[in-house]
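These notes are about the structure you will find just below.
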Amino acid sequence: MWKRLKLAFHKLGSPPIFYRFAQTLIPWLWSLTGVGLAVGLYQALYVVPPDYQQGDSYRILYVHVPAAWQAMATYLIMAILAIIALVWRIRTAEIMAMVAAPIGAGFTLICLVTGAIWGEPMWGTWWAWDARLTSMLILLFIYLGIMGLYAAFDDHRQGAKMASVLVLVGVVNIPIIHFSVDWWTTLHQGSTINLFGPSSMDPTMLPPLIWMTVAVKFMFAAMLLQRARNELLAQDQRKQWTKRLIGDLIE
Amino acid sequence: MIPEFSYANYVWSSYAIAMAVVLWQALGPMFKHRRLLWQLREDQLLEADQGNTAKSNHTREHA
Amino acid sequence: MTPRRRKRLTMIVVLVVGIGTAAAIAISALQENMLYFIAPSDVQAQPLPADRNFRLGGLVEAGSIERDADSLHVQFVVTDGVHQVPVTYAGILPDLFREGQGVIAQGRLDESGVFHAREVLARHDETYMPPEVAAALERSGAPHGVVE
Chain A
66 MWKRLKLAFH KLGSPPIFYR FAQTLIPWLW SLTGVGLAVG LYQALYVVPP
116 DYQQGDSYRI LYVHVPAAWQ AMATYLIMAI LAIIALVWRI RTAEIMAMVA
166 APIGAGFTLI CLVTGAIWGE PMWGTWWAWD ARLTSMLILL FIYLGIMGLY
216 AAFDDHRQGA KMASVLVLVG VVNIPIIHFS VDWWTTLHQG STINLFGPSS
266 MDPTMLPPLI WMTVAVKFMF AAMLLQRARN ELLAQDQRKQ WTKRLIGDLI
316 E
Chain B
67 MIPEFSYANY VWSSYAIAMA VVLWQALGPM FKHRRLLWQL REDQLLEADQ
117 GNTAKSNHTR EHA
Chain C
162 MTPRRRKRLT MIVVLVVGIG TAAAIAISAL QENMLYFIAP SDVQAQPLPA
212 DRNFRLGGLV EAGSIERDAD SLHVQFVVTD GVHQVPVTYA GILPDLFREG
262 QGVIAQGRLD ESGVFHAREV LARHDETYMP PEVAAALERS GAPHGVVE
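Chains as they are written, first to last, in my numbering: chain A, 66 to 316; chain B, 67 to 129; chain C, 162 to 309.
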């Protein structure tokens, strides 16, 4: 079992195998995303009742919370890929770590913007410099910094190495985001959903959140493979495997 | 059809913005992939063409 | 694992632990500054200079809201369950401003201990439930926020 897994891992390290693997997986991932979003959005907009305090404005959380979770999960995945890239120098891991940054930045942006739109009527302000909001904004800047550093090098592998170190430096921000609402007083409220222990959301309101969260996971996987596939193709355009691939396409 | 919400503007605008970012993130790479394949195909055809002409010149010289 | 990879992995662990320690030290040094608001008990324990601006946070005490009939003036009491601070404010209040709900007021304390707010923000709690559930809880006498 372990050997097989190791073999699969090594196989995915090979660009042509990875490219074909991504090619077959991407349509499936998008289909699953579509199903999840359809069910999740329907429930979020038509099925669940309004909140006793916030009325219908709380429906924003079905976008805001999955985006926030994915913004942080993306960072952790990127950090694991960065470790693989730095220790084992596997090129596909490097590329995936690097292309994860713009995707994470996108989810962070969604989180910040929807949060602002929610805050405006509920809190009475669209922005506050409290620890939660500020650390989330810093996450966006870290993502942009990683993208910029990677782009600044002509040598992709050198750029990926430097940017991977920055990824690992930025990891410290993730627990800060998560615990900011416990460590300090913030305008942002505490966690509603707790994996360990009771959640303070009525069970009738939970299903769309689960659907949307799962859909966003598939969406992330599809986006990651899409971008990684592009990056491989662009970097390897002079290599034999791309020539063969294009040759097949011409015929 | 469209549900009547309190804070409707806020709800719809946040969903719309999220959808716009997602579409941008999904479609951008899709188009880029197409462009890349097309461009690589052009390069390869051009190269093959040049290779052929070079080869034919070569044979002509020998003839 | 080859010795070279082991060395790289060790360097990564050292880097992450180092950054983590540095961050922990910086955060604990900045603890005070990273509080977005302070509670009435803190105000009581450590009186701030009268002209200093700060944010006061707590719950709006039930039955304490007094609205002026023909202006936007409003008075209420912010409590953390132990101490109370009376607050005056003139302006539009956020939609979630209610008795028993969280509130954050920015302003200053005068000599008589009244807080003059320039800005009032509502703080919503992490509890979400349909109105019917809230009504049922109210009837059974359970406080909001205890949904298990």
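Using N, Cα and C, we set each Cβ at its ideal position, and we do this for glycine too.
How would you write the range of the beta strand (DSSP E) that residue i sits in, first residue to last?
{"i": "Tyr208/A", "result": "Per DSSP, Tyr208/A belongs to no beta strand (DSSP E); it is in the alpha helix (DSSP H), Ala196 to Ala217."}
{"i": "Thr240/C", "result": "His234 to Thr240"}
Using the Cα positions of residue i and residue j, report the straight-line distance between them to the nearest angstrom.
{"i": "Gln207/C", "j": "Ala200/C", "result": "11 Å"}
{"i": "Ile186/C", "j": "Met162/C", "result": "34 Å"}
{"i": "Val308/C", "j": "Asp121/A", "result": "Unreliable positioning characterises Val308/C in this predicted model, as indicated by a pLDDT of 37, which lies under 50. The coordinate reading is nonetheless provided below. Going from the Cα of Val308/C to the Cα of Asp121/A covers about 20 Å."}
{"i": "Pro240/A", "j": "Tyr208/A", "result": "16 Å"}
{"i": "Tyr111/A", "j": "Phe74/A", "result": "43 Å"}
{"i": "Ala129/B", "j": "Lys304/A", "result": "With a pLDDT of 44 at Ala129/B, under the threshold of 50, the modelled position of that residue is not reliable, and the figure given next carries that caveat. Those two C-alpha atoms are separated by around 35 Å."}
{"i": "Ser79/A", "j": "Thr171/C", "result": "26 Å"}
{"i": "Val77/B", "j": "Leu97/A", "result": "25 Å"}
{"i": "Met66/A", "j": "Leu102/B", "result": "38 Å"}
{"i": "Asp286/C", "j": "His129/A", "result": "16 Å"}
{"i": "Gly179/C", "j": "Leu233/C", "result": "53 Å"}
{"i": "Leu231/A", "j": "Ile275/A", "result": "32 Å"}
{"i": "Ile315/A", "j": "Arg107/B", "result": "7 Å"}
{"i": "Ala296/C", "j": "Trp90/B", "result": "43 Å"}
{"i": "Leu102/A", "j": "Ala280/A", "result": "6 Å"}
{"i": "Gly306/C", "j": "His99/B", "result": "Residue confidence is low: Gly306/C scores 43 on pLDDT, short of 50, so the model does not pin down where it sits. Its coordinate-derived value is still stated next. Their Cα atoms are separated by approximately 50 Å."}
{"i": "Glu293/C", "j": "Ala283/C", "result": "23 Å"}
{"i": "Arg85/A", "j": "Thr139/A", "result": "23 Å"}
{"i": "Met67/B", "j": "Trp183/A", "result": "24 Å"}
{"i": "Arg259/C", "j": "Glu280/C", "result": "16 Å"}
{"i": "Arg228/C", "j": "His277/C", "result": "15 Å"}
{"i": "Gly262/A", "j": "Met290/C", "result": "18 Å"}
{"i": "Asn259/A", "j": "Gln300/A", "result": "43 Å"}
{"i": "Leu290/A", "j": "Leu177/A", "result": "25 Å"}
{"i": "Thr249/C", "j": "Val235/C", "result": "6 Å"}
{"i": "Gly252/C", "j": "Ala150/A", "result": "56 Å"}
{"i": "Leu271/A", "j": "Val177/C", "result": "36 Å"}
{"i": "Thr199/A", "j": "Gly210/A", "result": "16 Å"}
{"i": "Lys282/A", "j": "Tyr117/A", "result": "30 Å"}
Pull the bridge partners of residue i from the DSSP assignment, please.
{"i": "Thr249/C", "result": "Gln236/C and His277/C"}
{"i": "Ala74/B", "result": "None; Ala74/B has no bridge partner."}
{"i": "Leu112/B", "result": "Per DSSP, none; premise fails for Leu112/B."}
{"i": "Tyr289/C", "result": "Met266/A"}
{"i": "Asp116/A", "result": "Gly120/A"}
{"i": "Ala266/C", "result": "Leu217/C and Val281/C"}
{"i": "His199/C", "result": "According to the sequence provided, residue 199/C is Ile. The question's His does not apply to it. Leu217/C."}
{"i": "Arg228/C", "result": "Val235/C"}
When the distance is taken between beta carbons, is residue j closer than 9 Å to residue i?
{"i": "Gly224/C", "j": "Val239/C", "result": "no"}
{"i": "Pro131/A", "j": "Met277/A", "result": "yes"}
{"i": "Met212/A", "j": "Ala166/A", "result": "yes"}
{"i": "Phe237/C", "j": "Val204/C", "result": "no"}
{"i": "Thr190/A", "j": "Leu252/A", "result": "yes"}
{"i": "Ser229/A", "j": "Ile168/A", "result": "no"}
{"i": "Thr173/A", "j": "Leu205/A", "result": "yes"}
{"i": "Val237/A", "j": "Gly181/C", "result": "yes"}
{"i": "Pro115/A", "j": "Leu310/A", "result": "no"}
{"i": "Ala196/A", "j": "Ser245/A", "result": "yes"}
{"i": "Met187/A", "j": "Pro255/C", "result": "yes"}
{"i": "Gly105/A", "j": "Pro273/A", "result": "yes"}
{"i": "Ala266/C", "j": "Leu217/C", "result": "yes"}
{"i": "Pro247/C", "j": "Val275/C", "result": "yes"}
{"i": "Val234/A", "j": "Arg169/C", "result": "no"}
{"i": "Gly99/A", "j": "Val88/B", "result": "no"}
{"i": "Ala84/B", "j": "Ile91/A", "result": "no"}
{"i": "Val243/C", "j": "Ser202/C", "result": "yes"}
{"i": "Met161/A", "j": "Ile242/A", "result": "no"}
{"i": "Met143/A", "j": "Ala92/B", "result": "no"}
{"i": "Gly312/A", "j": "Gln110/B", "result": "yes"}
{"i": "Tyr197/C", "j": "Trp194/A", "result": "yes"}
Ends of the alpha helix (DSSP H) at residue i?
{"i": "Ala162/A", "result": "Arg156 to Met187"}
{"i": "Arg165/C", "result": "Pro164 to Ala190"}
{"i": "Arg69/A", "result": "Trp67 to Leu77"}
{"i": "Asn238/A", "result": "Asn238 to Trp248"}
{"i": "Arg222/A", "result": "His221 to Gly235"}
{"i": "His129/A", "result": "Leu126 to Trp153"}
{"i": "Trp191/A", "result": "From DSSP, Trp191/A is part of no alpha helix (DSSP H); its letter is neither H nor E."}
{"i": "Ala87/A", "result": "Pro80 to Tyr107"}
Cβ-heavy atom distance between residue i and the ligand MN below 8 Å?
{"i": "Asn194/C", "result": "By its list of ligands, the structure shown contains no ligand whatsoever, and the ligand MN lies outside what it can speak to."}
- Query: Mind pulling the beta strand (DSSP E) runs of 3 or more residues that sit fully within the region 279-315 of chain A?
  - Reply: none
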